[in-house]
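Engineer: Take this structure first; my questions come after.
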Amino acid sequence: MEEQYSIYRECIEKLEQCKKELEKLKSDHQTLQERLYDLEFEKASLEGKIKSLTEYIQNIESISRSKDDIIKNVSQEASTYRKLLTLFIILTILLLIMIVYLSLR
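Following our numbering, the numbering of the sequence shown begins with 13 at its first residue and continues without gaps.
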């Protein structure tokens, strides 16, 4: 009888140990679930930030291209004005030469 009681007691102790282990596993599982939820939330947040940064970079690239186009256009206009100024100076010099020539005649 004592032997059966001893075996019964060992079984109960093992069951209690298994119960504690199961509770610990449940707690660990709950902690992991919460951590997984936090990581998924963080992932979604980071994806949103990446999307915003990508749009920001695309806007910067677009502005850079626009700036390059504006610089190119201004450079072309400056070249045109330089040519016009040179032509004006040449015509003015020719006019002065004609005036001097005609006044000497």
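For glycine and all other residues, C-beta sits at the position ideal for the given N, C-alpha and C.
My output table needs one value for residue 77: the three-state DSSP class, helix, strand or coil.
Structural biologist: DSSP places residue 77 in helix when its eight states are reduced to three.
Engineer: Measure the C-alpha to C-alpha separation of residue 72 and residue 84 and round it to an integer number of angstroms.
Structural biologist: Going by C-alpha positions, residue 72 is about 18 angstroms away from residue 84.
Engineer: Ordered along the chain, which non-local residues of its own chain (more than five positions away) have a Cβ less than 6 angstroms from that of residue 34?
Structural biologist: none
Engineer: Hey, how far is the Cα of residue 45 from the Cα of residue 36?
Structural biologist: 14 angstroms
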